[in-house]
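Worksheet for the structure shown next.
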Ligand SMILES: Nc1ncnc2c1ncn2[C@@H]1O[C@H](COP(=O)(O)OP(=O)(O)OP(=O)(O)O)[C@@H](O)[C@H]1O
Ligand SMILES: [Mg+2]
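Numbering (the numbering used here), first residue to last: 1 to 365.
Put into structure tokens, the structure is as follows:
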């Protein structure tokens, strides 16, 4: 092999910049952008032709963390990295969490000749961190809740028993019977909530088998359409016929998608669209040591409902978080647990006033 460094072939260097999965942005001595590779175009959501030749202060206007890094490299000649606090502001897309490495460029003669930024997309890392955080939080809450539920169940049984005795002591037609009836009914309701909570803590062991997602989604949509009869809700179901069965627990997966589709139905509040799509994921693969990357299937549930404000997004998976008068706030906590038990992951995007999309990725094998 007769390779040289730096590569003698400029075409090779160009190919590297084209293909590398890092944003590379170079600026010259005057601070003007001289190189803006395709990854940078994607991250910043801008075409190179609109950026080349512009001054970096104009390109990154208002992005103080980024300006600080470029200035450190460009004016002070320092190499500097920030893995934490940089979010790229983009004209049409939400801010992107990135890690940035900025370093001066030196010419062959040793004088500084501009600077280069190398930008790495951290969104997937942040998502995984968020999933872990939610899982931790859920594990802690469920342990706490299971203990508490156990403690409440016994005295509750006592209250119900006493109310039943009272009902027997009272005359059948006594006006006080109504009160004992309410007491019994309400203790039963609390008991139901507690049992659901204990379920969350120690769900029954999963019964794994081959699950036909298309069939369960079809059944759920059929039932939900029926339940929404008389309302102006349009359901669409788009299924990729080539999807093989997934390995999972049919009743848990049914519960998962039922919860998501019910939430969508509640969000559109009488009129709107609910689109459900199931296909092989083009974005993600599952890699496990020693195995070939295996494909994931993605199920998206999209609604044109009320949407979720940005500041509430991270609370919706917390058990008992609800904004509904009749909600328990357990639906999504249960969904999260089921997805984890199937070694999948889940992602929410939402725009208040426009709608919400919840996607679930599940491994196929
Ligand atoms: N598709 C959606 N659109 C808008 N908001 C949603 C959507 N899905 C969930 N939410 C919000 O997240 C909260 C929590 O959802 P979750 O399913 O956990 O509980 P819930 O629907 O309120 O009650 P439960 O499912 O226990 O009956 C909801 O109260 C709602 O505010
Ligand atoms: Mg719900």
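Cβ atoms here follow ideal geometry from the backbone N, Cα and C, with glycine treated the same way.
task = Compute every distance between the C-beta of residue 278 and the non-hydrogen atoms of ligand 3, then say whether any falls below 8 Å.
result = Absence of ligand 3 from the depicted structure is noted, with ligand 1 and ligand 2 being the only ligands included.
key: Counted within 10 angstroms of its Cβ, other Cβ atoms place residue 13 as buried (16 or more) or exposed   = Indexing the chain shown from 1 puts residue 13 at position 13. It counts as exposed.
ask   = For residue 290, is the beta carbon positioned less than 8 Å from some heavy atom of ligand 2?
value = Residue mapping note: residue 290 aligns to position 290 of the chain shown, counting from 1. No - ligand 2 has no heavy atom lying nearer than 8 Å to the Cβ of residue 290.
inquiry  = What does the Cβ neighbour count give for residue 337, buried or exposed, with the cut at 16 atoms within 10 Å?
reply    = Taking the first residue of the chain shown as 1, we reach residue 337 at position 337. It counts as buried.
task = Leaving out five residues on either side along the sequence, give the residues of the same chain with a beta carbon under 8 Å from the beta carbon of residue 261.
result = Within the chain shown, numbered from 1, the residue matching residue 261 stands at position 261. Closer than 8 Å at Cβ, skipping near neighbours: 220, 221, 224, 274, 276, 301.
key: Element boundaries [alpha helix (DSSP H), containing residue 257]   = Your numbering for residue 257 matches position 257 in the chain shown. Note, residue 257: alpha helix (DSSP H), 250-268.
message = Does the contact criterion of 3 or more C-beta pairs under 8 Å hold for the region 234-252 versus the region 312-325?
response = no
query = Counting along the chain, where does the beta strand (DSSP E) carrying residue 359 start and finish?
reply = Indexing the chain shown from 1 puts residue 359 at position 359. From DSSP, the beta strand (DSSP E) with residue 359 extends over 355-363.
Cβ pair residue 70, residue 23 closer than 9 Å = For the purposes of this step, residue 70 is taken as residue 70 along the chain shown, with counting starting at 1. For the purposes of this step, residue 23 is taken as residue 23 along the chain shown, with counting starting at 1. Going by C-beta atoms, residue 70 is not nearer than 9 Å to residue 23.
ask   = Is it the case that the CB of residue 337 approaches a heavy atom of ligand 2 more closely than 8 Å?
value = In the chain shown, residue 337 corresponds to position 337, counting from 1. No.
query = So the alpha helix (DSSP H) residue 285 belongs to, where does it begin and stop?
reply = Here residue 285 corresponds to residue number 285 of the chain shown, with the count starting at 1. Looking at the DSSP string, residue 285 is not in any alpha helix (DSSP H); the run it does join, the beta strand (DSSP E), is 271-286.
8 Å Cβ shell around residue 216 - same chain, five flanking residues per side excluded = Indexing the chain shown from 1 puts residue 216 at position 216. Cβ contact annotation for residue 216 (same chain, cutoff 8 Å, sequence separation greater than five): 250, 253, 254, 257, in chain order.
task = Mark residue 303 as exposed unless 16 or more other C-beta atoms lie within 10 angstroms of its C-beta, in which case mark it buried.
result = By 1-based counting over the chain shown, the position of residue 303 is 303. Burial is judged here by how many other beta carbons sit within 10 angstroms of a residue's own beta carbon; residue 303 has at least 16 and is buried.
query = So who's on the other strand from residue 182, going by DSSP bridges?
reply = Counting from 1 along the chain shown, the entry for residue 182 is found at position 182. None, per the DSSP bridge assignment.
query = Would you call the region 144-161 and the region 337-355 in contact, with 3 or more CB pairs under 8 Å?
reply = Taking 8 Å as the limit for Cβ pairs, the verdict is that the region 337-355 does not touch the region 144-161.
ask   = What are the start and end residues of the alpha helix (DSSP H) that includes residue 174?
value = Looking up residue 174 in the chain shown gives position 174. Residue 174 -> no alpha helix (DSSP H), and no H or E assigned at all.
request  = Per DSSP, which residues does residue 210 bridge with? Please list them.
outcome  = By 1-based counting over the chain shown, the position of residue 210 is 210. Residue 210 is bridged to 247.
key: Any alpha helix (DSSP H) of 4 or more consecutive residues that is wholly inside the region 27-111   = Taking only runs of at least 4 residues, the alpha helix (DSSP H) segments lying wholly in the region 27-111 are 38-44, 48-51, 56-59, 64-74.
request  = Identify, in the order they occur along the chain, each residue of the same chain with its Cβ nearer than 8 Å to the Cβ of residue 28, setting aside the five sequence neighbours on each side.
outcome  = Reading the chain shown from its first residue, position 28 is the one you call residue 28. Counting only residues of its own chain and dropping the five nearest sequence neighbours on each side, residue 28 has a CB closer than 8 Å to the CB of 34, 113, 114.
message = Assuming the contact rule is C-beta atoms closer than 8 Å, residue 246 and residue 298 should be a hit. Round their C-beta distance to whole Å, please.
response = By 1-based counting over the chain shown, the position of residue 246 is 246. By 1-based counting over the chain shown, the position of residue 298 is 298. The pair is not a contact, with the Cβ atoms about 11 Å apart (cut-off 8 Å).
query = Assuming residue 268 and residue 308 make a contact with CB atoms under 8 Å, what is their CB distance in whole Å?
reply = Taking the chain shown and counting its residues from 1, one reaches residue 268 at position 268. Taking the chain shown and counting its residues from 1, one reaches residue 308 at position 308. Their Cβ separation, rounded to whole angstroms, is 13 Å, which puts residue 268 and residue 308 out of contact at 8 Å.
task = Identify, in the order they occur along the chain, each residue of the same chain with its Cβ nearer than 7 Å to the Cβ of residue 340, setting aside the five sequence neighbours on each side.
result = Reading the chain shown from its first residue, position 340 is the one you call residue 340. If we look at residue 340 and ignore the five residues flanking it on each side, its Cβ neighbours are 135.
ask   = Cα-Cα, which of 169, 127, 44, 123 is closest to residue 344?
value = Here residue 344 is taken as the residue at index 344 of the chain shown, counted from 1. That would be 127, whose Cα lies nearest to the Cα of residue 344.
request  = Give a yes or no on whether the C-beta atoms belonging to residue 121 and residue 56 are separated by under 9 Å.
outcome  = Your numbering for residue 121 matches position 121 in the chain shown. Your numbering for residue 56 matches position 56 in the chain shown. The Cβ-Cβ distance between residue 121 and residue 56 does not fall below 9 Å.
key: Segment limits, alpha helix (DSSP H) that includes residue 152   = Here the question's residue 152 lines up with position 152 in the chain shown. Here the alpha helix (DSSP H) through residue 152 covers 123-169.
request  = Give the range of the alpha helix (DSSP H) segment to which residue 334 is assigned.
outcome  = In the chain shown, the residue the question calls residue 334 occupies position 334. Here the alpha helix (DSSP H) through residue 334 covers 331-341.
query = Beta carbon of residue 266: closer than 8 Å to some heavy atom of ligand 2?
reply = Taking the chain shown and counting its residues from 1, one reaches residue 266 at position 266. The answer is yes for residue 266.
query = Expressed to the nearest angstrom, what Euclidean distance is found between the alpha-carbon atoms of residue 157 and residue 179?
reply = To locate residue 157, count along the chain shown from 1; it is residue 157. To locate residue 179, count along the chain shown from 1; it is residue 179. Looking at the two C-alpha atoms, the distance is approximately 17 Å.
task = Would you grab the beta carbon distance between residue 86 and residue 102 for me? Rounded to a whole angstrom, and I think it's under 8 Å.
result = Position 86 of the chain shown, counting from 1, holds the residue named residue 86. Position 102 of the chain shown, counting from 1, holds the residue named residue 102. With 8 Å as the limit, residue 86 and residue 102 do not qualify as a contact, their Cβ atoms being about 10 Å apart.
key: Integer Cβ distance of residue 45 from residue 92, believed to fall under 8 Å   = Within the chain shown, residue 45 is the residue found at index 45, counting from 1. Within the chain shown, residue 92 is the residue found at index 92, counting from 1. Confirmed, Cβ separation roughly 6 Å.
ask   = From this set, 286, 197, 266, which residue's C-alpha is nearest residue 330's C-alpha?
value = On the chain shown, residue 330 is found 330 positions in, with the first residue counted as 1. Cα-wise, what sits closest to residue 330 is 197.
ask   = If you draw a straight line from the alpha carbon of residue 1 to that of residue 96, how long is it in whole angstroms?
value = Position 1 of the chain shown holds residue 1. Position 96 of the chain shown holds residue 96. In this prediction, residue 1 scores a pLDDT of 45, lower than 50, which makes its location untrustworthy; the coordinate-derived value is nonetheless stated afterwards. So the alpha carbons of these two residues sit roughly 40 Å apart.
Per DSSP, cross-strand counterpart(s) of residue 116 = The count along the chain shown starts at 1 and reaches residue 116 at position 116. Bridge partners of residue 116: 26, 103.
ask   = Do residue 26 and residue 38 have their C-beta atoms within less than 9 Å of each other?
value = Here residue 26 is taken as the residue at index 26 of the chain shown, counted from 1. Here residue 38 is taken as the residue at index 38 of the chain shown, counted from 1. Contact: no.
message = Following a CB-centred definition, is residue 262 positioned closer than 8 Å to any heavy atom of ligand 2?
response = Indexing the chain shown from 1 puts residue 262 at position 262. Yes, ligand 2 has a heavy atom inside 8 Å of this Cβ.
query = How about residue 183 and residue 160: are their beta carbons less than 9 Å apart?
reply = In the chain shown, residue 183 corresponds to position 183, counting from 1. In the chain shown, residue 160 corresponds to position 160, counting from 1. In this structure, residue 160 lies closer than 9 Å to residue 183 by Cβ.
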